[in-house]
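Before any comments, here is the structure.
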Amino acid sequence: SNRLRETPDGSPQTGTGSELRRGERTQSQALCRYAHQKSFQQFSDLTDELPEVNQKNGYLPEDIWNNTRGYIEKVCIQMNGSFQFGFYDCTAVMARRLVETLIIESYEHLEREQEIKNGDGDYFMLSKLIDQAQELSISRDTKRELKRIKSLGDTSAHNRRVNAVKADLEKIQNGLRLIVDELVNLASLKRAK
């Protein structure tokens with residue numbers, strides 16, 4: 189029979205007992221559901237424990253973004269962790285977010301933020317921020333790379349049929365490093381150690 193029963197320790201066991209849940213046609217589907225629930229439960233039981241991520245030599249090396257702002261550092265930590273564990277769409281979206289944040293930080297530091305706000309006082313969307321950033325004192329390479337980061341980040345965030353792969357992130361890695369280094373310096377984000 190297609191029935192599933194849990195043992196005293198909560199693990200599924202075939203035989204008589206509870207029926208399969210709606211939509212589950214086989215015991216293997218029920219076992220997959222059980223494994224997913226257990227994995228989620230174990231992960232959610234962790235409080236501040238995070239897996240070890242190589243930040244020093246991560247996707248974006250720590251030396252570039254360490255001692256900036258806490259919210260920038262957290263984005264970089266998440267981006268490095270996502271890349272290390274193979275969550276490439278997450279990595280691309282975090283890279284996009286980082287670039288957007290650093291463009292805004294640069295304009296604010298230069299006291300030119302009005303140039304990147306609309307009539308309601310809201311910051312422009314990233315495409316328009318990148319257009320405006322062409323006026324900043326940044327290298328030609330950085331200006332070109334901004335669009336590549338945005339493109340991959342947009343694809344990862346909005347294209348439901350395409351997933352980023354490691355090679356996609358490797359193609360933009362040097363460009364992202366260049367962008368972050370230049371904008372962190374332009375915005376004077378490094379704090380004294």
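For the sequence shown, this note's numbering gives the first residue as 189, with consecutive numbering after it.
Cβ atoms here follow ideal geometry from the backbone N, Cα and C, with glycine treated the same way.
Beta carbon of LEU371, beta carbon of ILE318: below 9 Å? Here residue 371 is taken as the residue at index 183 of the sequence shown, counted from 1. Here residue 318 is taken as the residue at index 130 of the sequence shown, counted from 1. No.
Since PHE271 and GLY246 are thought to touch, with beta carbons under 8 Å apart, how far apart are those beta carbons, to the nearest angstrom? On the sequence shown, position 83 is the one that residue 271 refers to. On the sequence shown, position 58 is the one that residue 246 refers to. Indeed they touch by this definition, with Cβ atoms about 7 Å apart.
Going by Cα to Cα distance, which pick from LEU334, ALA380 and ASN351 is closest to GLY363? The count along the sequence shown starts at 1 and reaches residue 363 at position 175. Comparing alpha carbon positions, the residue from LEU334, ALA380 and ASN351 closest to GLY363 is LEU334.
Could you give the DSSP three-state label for LYS305: helix, strand or coil? Position 117 of the sequence shown, counted from the first residue, corresponds to residue 305. Looking at LYS305 - three-state DSSP - the assignment turns out to be strand.
In the DSSP assignment, the alpha helix (DSSP H) including TYR259 goes from what residue to what residue? If you number the sequence shown from 1, residue 259 lands on position 71. First-last of the alpha helix (DSSP H) with TYR259: 258–272.
Rounded straight-line distance, which links the Cα of LYS244 to that of GLU250: Working through the sequence shown from its first residue, we reach residue 250 at position 62. Working through the sequence shown from its first residue, we reach residue 244 at position 56. So the two alpha carbons sit approximately 5 Å from each other.
Cβ neighbours of LYS305 in the same chain (closer than 8 Å, five flanking residues each side left out): Walking along the sequence shown from the start, residue 305 turns up at place 117. Excluding residues within five positions, the ones whose Cβ falls inside 8 Å are TYR311 and PHE312.
Report the three-state DSSP secondary structure of SER232 (helix, strand or coil). Counted from its first residue, the sequence shown places residue 232 at position 44. With a pLDDT of 48 at SER232, under the threshold of 50, the modelled position of that residue is not reliable, and no figure is offered here.
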